[in-house]
Structure formats: C-alpha cells, structure tokens
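2 protein chains.
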Amino acid sequence: MFFLKDLPTRDMIEGYARQYDHVDVSLTQSRLGMLRDASLLIRRIEKYLSGHGLSQTQFLILIILHRDKTRDSHLASEIAGKLDVSKPVLSTTIKTLLRNGLIAYATASTDGRAKPIRITEKGAQTLDRLLPDYFHILQQGPSPDAQ
Amino acid sequence: MFFLKDLPTRDMIEGYARQYDHVDVSLTQSRLGMLRDASLLIRRIEKYLSGHGLSQTQFLILIILHRDKTRDSHLASEIAGKLDVSKPVLSTTIKTLLRNGLIAYATASTDGRAKPIRITEKGAQTLDRLLPDYFHILQQGPSPDAQ
DNA sequence: TCCAATCAGTTAGGATGCTAACTATATGTC
DNA sequence: GACATATAGTTAGCATCCTAACTGATTGGA
Chain Z
9 MFFLKDLPTR DMIEGYARQY DHVDVSLTQS RLGMLRDASL LIRRIEKYLS GHGLSQTQFL
69 ILIILHRDKT RDSHLASEIA GKLDVSKPVL STTIKTLLRN GLIAYATAST DGRAKPIRIT
129 EKGAQTLDRL LPDYFHILQQ GPSPDAQ
Chain H
9 MFFLKDLPTR DMIEGYARQY DHVDVSLTQS RLGMLRDASL LIRRIEKYLS GHGLSQTQFL
69 ILIILHRDKT RDSHLASEIA GKLDVSKPVL STTIKTLLRN GLIAYATAST DGRAKPIRIT
129 EKGAQTLDRL LPDYFHILQQ GPSPDAQ
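Line by line, the protein sequences give chains Z and H. For the first sequence, the numbering used here begins at 9 and goes up steadily by one. For the second sequence, the numbering used here begins at 9 and goes up steadily by one.
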C-alpha cells in the first residue's frame, strides 16, 4: 500500500528533478496522486468488506467464481492466474471460504491433483448483498463526501 | 491491495448495472482500471524497495524525515499523521529503522513521553541511492515496457 | 517400463498490517 | 495537592501476504 497522506509539493519534486535528472515533474505528481487515490479507495473497500466478514481476496475469489457463467467450477491455480496472488495465499483463503460455506468442492475431475471449486448458494447471496454498496463506494472514489 | 488481473468486461458491468441500479458503467470501469494500475505500480515499487532491504513504509518514513528541511526531528505520532498508518505499525517500523541505523533518536525533548527521531547520514545516503530509480519506476507506471 | 520433469496444492517461516488494551507522562480542574 | 482525562508509545493477539521448500499426481521420453 501507499500511505503518504500529503504528497510532496511541486517544489519538492522540482528539487529532486534538479538533483536526479530525468524526472518529469508533472508526470511524477500525477502518478503519486493516483497511488494515493487508489490507496484511499482500496482502504475504503477493505473496510466495507471486512465489516461483512470478507477480505478483499475472499471477495475477489467469489467474484471470479460468480461472474463466469460459462463454467461451473475453477481450479485454484486458474484463480491464482486471474488474481495475481501467490498460490499459498490462495490455498489458505480457499480454506477459509470453504470453512464459511461460501464455496464448495465441485465433483472431482479426472486429474487426481486438481480440486475444482464452485460458489455456493450462500456465497452467491453474500455477493448479491454486498455488490450494490460495493459499486456505490467504487463510484464515490477515494473520498466519501466528494459527491 | 487489488489484484484482479483481467477486469470485468463492459458487458459484465452492464449486467450488474441492470441488476443493481445506480451503476455508472463508464465510471465503474475507469475506477477499476485505476485500482488495477495502482496495484501493479505499487507492486513494482515494493519489489524494487524490498530488493534493497526496505519496505514501502520504511521508505516513506525516511522520505518524510528527509524532505522537511525546516525541522530536525519528528515524533512518531506526527509521522503517523502524515502516513495514515496505525501507531503500532509505526512503532515497530521505527524500531527496525533504528536497528538498521537509518534513523536515530534526536536529543530528548522536554516531554518525557516523546521520542523525536531524525534521519541519519546512512539513511540519507540510502535515499540518495534509491530515489533515481524510484522516480524512474514511478514514471514508467504500472507496466515496465510501456515506454 | 522406468525415471526425470512438470504441475496442483500445501506447509513452514517470516514480514507487515490491524485493533484493543496496556504503561507512563502530561494536563487541567476541583 | 489529587484525581480524571488526554497523549506518546508499546505490547499482545490475530489476519494476510510473501518466498522457499515440500507432497503427491501426471506426463513424456529413453
């Protein structure tokens, strides 16, 4: 995460630019602004989700299982590819979701190593309950009051 | 963090929009894009910094101590205010920076509770070494090859 | 057939983040 | 002066993330 509340002023960046060369002041400012805005928004989303017992990663796994209507189940490794999260994290997160009944193992495949998972009715209902406010927060952006 | 590699397509979001109401498809798409871009960029920055033995938080603490030329030292609580990180995290991160000699306690203040800290010569040199590439990565943005 | 290489998933160990509760110092009101 | 309250920082306990190394199943070439 990127937690710098007050970004360096233009003057400060110009100081660095003189010192280090190859520093585009405006571009740097806009990138830092994006990082801060995204961090704030992610924080808001995480707070909202954790208030309903889900981590961001748990939520996104449910989204992936839910949004793809063409398939009934996914492998952990496939989800890892879509999520850019390490395999061990996926392994433990899936264990948590199983324990809470939001996902379940699908009928075993021919491959003895694979353990395809699917979203449960409870999982789908949880998403249905969370998504309206999720979209609302997403549209509000980094600061709640700015319209 | 936000780790969704392939964002929902416009079609998917439109599906949610029909279902939930009050969903602005374009705005939602652009917010999701921002979150993904920022996540990727933060990942790149964290990887770069950790390759030099610093976490993002450690790096930002050094930046805060370094950039403010008007003051010789800061309190942990002041830094916490500028960083939007919890006090316990600051406490342990400062301990690590002290152990590694990048910061040091400044001369004690009149307030017996306060423990003002300052950046050391070694800390300043570390920043000087890291900042050029830091700005370079920042300007490259989320994907290394895109110009 | 046999054995090396690959692949799915887990375990181990460590770093970083959080909230809640704590210690110790400072402040302010009676 | 004495006690309630606030503030600076730490400790405790827990969740989440990482990399490296592991187990077990599958594949493919000699």
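Ideal placement from N, C-alpha and C gives every residue a C-beta, glycine not left out. Model, not experiment: these values are computed from the prediction.
Among the residues facing chain Z, residue 41/H is not included, as its CB has no counterpart in that chain under 8 Å away. Assigned with DSSP and collapsed to three states, residue 122/H falls in coil, not helix or strand.
The beta carbon of residue 69/Z does not come within 8 Å of any beta carbon belonging to chain H, so the residue lies off that interface. For residue 44/H, the number of other beta carbons within 10 angstroms of its own is at least 16, and it is reported as buried. Only residues of its own chain outside the window of five on either side were considered, and among them 45, 48, 49 have a CB closer than 6 Å to the CB of residue 150/H, listed in chain order.
Non-local C-beta neighbours of residue 13/Z in its own chain, meaning closer than 6 Å and more than five positions away in sequence, are absent. Residue-level contact check: residue 50/Z touches chain H, since one or more beta carbons of chain H fall below 8 Å from its beta carbon.
Boundaries of the alpha helix (DSSP H) around residue 25/Z: 18-28. DSSP places residue 112/H in the uninterrupted beta strand (DSSP E) bounded by 111-113. Here DSSP, grouped into helix, strand and coil, assigns residue 82/Z to strand. Under the DSSP assignment, residue 96/Z falls in the alpha helix (DSSP H) whose first and last residues are 95-107. Residues 56 of the same chain have their beta carbon placed closer than 7 Å to that of residue 141/H, with the five preceding and five following residues left out of the count. Residue pairing by DSSP puts residue 127/H in a beta bridge opposite 111/H. Per the C-alpha coordinates, the member of 130/H, 97/H, 120/H positioned closest to residue 112/H is 130/H. Put simply, the backbone Cα of residue 87/H is about 14 Å away from that of residue 105/H. Contact with chain H is found for residue 30/Z, since one of that chain's Cβ atoms lies less than 8 Å from the residue's Cβ. In the three-state DSSP reduction, residue 31/H falls in the coil class, being neither helix nor strand. The residue from 53/H, 72/H, 40/H with its alpha-carbon nearest to that of residue 98/H is 72/H. Contact annotation, residue 138/H with residue 82/H: C-beta distance approximately 20 Å; criterion of less than 8 Å not satisfied. Counting along the chain, residue 74/H sits inside the alpha helix (DSSP H) bounded by residues 64-75. Residues of the region 90-113 of chain H with a C-beta atom less than 9 Å from some C-beta of chain Z are 90, 91, 92, 93, listed in chain order.
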